[in-house]
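J.:
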Ligand SMILES: Nc1ncnc2c1ncn2[C@@H]1O[C@H](COP(=O)(O)OP(=O)(O)OP(=O)(O)O)[C@@H](O)[C@H]1O
Ligand SMILES: [Mg+2]
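Quick look at the structure:
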């Protein structure tokens, strides 16, 4: 019978890789294709660490917010207690985009005359949908969660959205730093240009003008916007450092033992490696149990062929397999059962 193999039975690789990672790292990211079991496995790992006496924060970065569905309760952007030692929250990047834009708008309002405020609104409204805006906000929230939680929690587990998105997000601190850098440079150029125009058109002997023609007040407002951007850049740089430090952080790829997921896993690992992020564990979820009838035996054998490709491509990365269960993993009890058998 399929169930006889139980949750979390290991078919190959090192035993209890996930649990070891959960014990030894401070930050764990779970990524992979849609529907492979990221939410399920990351939640069970978080719970296993909590059961072992740790204080754990489980964070969903997926806008589909499936932690709430899994635990069948409302989970918001502030930590809620799931069980002893385990808190959870769901990030809301939309909220962060709005806060960030509001802060910039207010600075621009102060900087520009009232008759230009409509223009500012138009510009900000366009920026809302600009490429990178949502990702930048998500990263900023990830950075904040780590910063706020790193002393309180022994482990922070991130359950992410499907892989393409995750990989993009993981290389983002670098991209985002470059992006903010560009904005800051443009700001500086604009400042210099404004100064130049002022110098051309104004009497520089006027008393309330400083060098370059801008009043002190104007310069202060300008530097306020630059400060907002610099603050963001600092956060991204710090996040980058933490994520690429394999003593602190690790990335777990969850996959199914099928051809395309295997190929995509190999590709995702490459992308993460380029971004200096270590993948220390591959979770092959929903494996067909062996010795469970002809059909499943055949399926199991087929999976072994795909997994051979995986092992050949990534021989140094440990693997843990989790069997397909007869029922979906839903609710705190089911996660608990899985956690105990990880
Ligand atoms: N080992 C397993 N055996 C049986 N069902 C499983 C197993 N692992 C996960 N599931 C089920 O598969 C479905 C998808 O799992 P889950 O939501 O964890 O995937 P996901 O990778 O987070 O998906 P998404 O990409 O949509 O966020 C769920 O219904 C879950 O209960
Ligand atoms: Mg999910």
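In our numbering, the protein residues as written are 10 to 351.
Using N, Cα and C, we set each Cβ at its ideal position, and we do this for glycine too.
In this text the structure is predicted, and so the values were computed from the model without any measurement.
1. Leaving out the 5 sequence neighbours to the left and right, which residues in its chain are closer than 7 Å to residue 136 when beta-carbon positions are compared?
2. Report yes if the C-beta of residue 45 is less than 7 Å from at least one heavy atom of ligand 1; otherwise report no.
3. Relative to the C-alpha of residue 168, which residue among 331, 349, 312, 49 is closest?
4. In the DSSP assignment, what are the bridge partners of residue 92?
5. Is it the case that the Cβ atoms of residue 312 and residue 328 are separated by a distance below 8 Å?
6. Which residue comes first and which comes last in the alpha helix (DSSP H) that contains residue 134?
7. From the DSSP output, which residues share a beta bridge with residue 118?
8. Under 7 Å: does the beta carbon of residue 285 sit that close to some heavy atom of ligand 2?
9. Mapping the DSSP letters down to three states, classify residue 34 as helix, strand or coil.
10. Which value, in whole angstroms, describes the spacing of the CA atoms of residue 286 and residue 239?
11. Express the C-alpha separation of residue 234 and residue 278 in angstroms, rounding to a whole number.
12. If we ignore side chains and look at the alpha-carbon of each, how far apart do residue 95 and residue 82 end up?
13. Pairing CB atoms from the region 28-43 with CB atoms from the region 120-133, are three or more of them under 8 Å?
14. Helix, strand or coil: which one does DSSP assign to residue 103?
15. Kindly confirm or deny that the region 83-93 and the region 113-121 touch, where touching means at least three C-beta pairs closer than 8 Å.
16. Taking residue 64 as part of the beta strand (DSSP E), name the residues at either end of that continuous run.
17. Please state if the CB of residue 291 and the CB of residue 318 are separated by a distance shorter than 8 Å.
18. Could you give the DSSP three-state label for residue 221: helix, strand or coil?
19. Between residue 75 and ligand 2, is the CB less than 7 Å from at least one heavy atom?
20. According to the Cβ coordinates, are residue 266 and residue 316 closer than 8 Å?
21. Going by alpha carbons, who is nearest to residue 294 out of 269, 334, 256, 304?
22. What's the gap between the Cα of residue 151 and the Cα of residue 116?
23. What distance in whole Å lies between the Cβ atoms of residue 68 and residue 154, which are believed to be in contact at a cut-off of 8 Å?
24. Can you determine whether any heavy atom of ligand 2 sits closer than 7 Å to the C-beta of residue 168, and answer yes or no?
T.: In terms of the structure at hand:
1. 110, 142.
2. Remark: the shortest separation between the CB of residue 45 and any heavy atom of ligand 1 falls under 7 Å.
3. Considering only 331, 349, 312, 49, the residue with the shortest C-alpha distance to residue 168 is 49.
4. Residue pairing for residue 92: DSSP places it in a beta bridge opposite 95.
5. No, they are not a contact pair.
6. Residues 126-136.
7. Beta-bridge pairing links residue 118 to no other residue.
8. Residue 285: no, Cβ never under 7 Å from ligand 2.
9. Coil.
10. In this structure, the CA atom of residue 286 is about 24 Å from the CA atom of residue 239.
11. Cα to Cα, residue 278 sits roughly 37 Å from residue 234.
12. Note on geometry: alpha-carbon atoms of residue 95 and residue 82 lie some 14 Å from one another.
13. Result no; under three Cβ-Cβ pairs closer than 8 Å.
14. Reduced to three states, the DSSP call for residue 103 is helix.
15. Judged by Cβ distances under 8 Å, the region 83-93 makes no contact with the region 113-121, as fewer than three pairs qualify.
16. Per DSSP, residue 64 lies in no beta strand (DSSP E) and is assigned neither H nor E.
17. Taking the C-beta atoms as reference points, residue 291 is found no nearer than 8 Å to residue 318.
18. Confidence in residue 221 is poor, its pLDDT being 48 and thus under 50, which makes the residue's placement unreliable; the coordinate value appears in the next sentence. Residue 221: coil per DSSP, three-state reduction.
19. Yes - ligand 2 has a heavy atom lying nearer than 7 Å to the Cβ of residue 75.
20. Contact flag set, yes.
21. Comparing alpha-carbon positions, the option among 269, 334, 256, 304 lying closest to residue 294 turns out to be 334.
22. Roughly 25 Å between the two C-alpha positions.
23. Going by Cβ atoms, the distance from residue 154 to residue 68 rounds to 6 Å, so yes, they are a contact pair.
24. Yes, since a heavy atom of ligand 2 falls inside the 7 Å radius drawn around the Cβ of residue 168.
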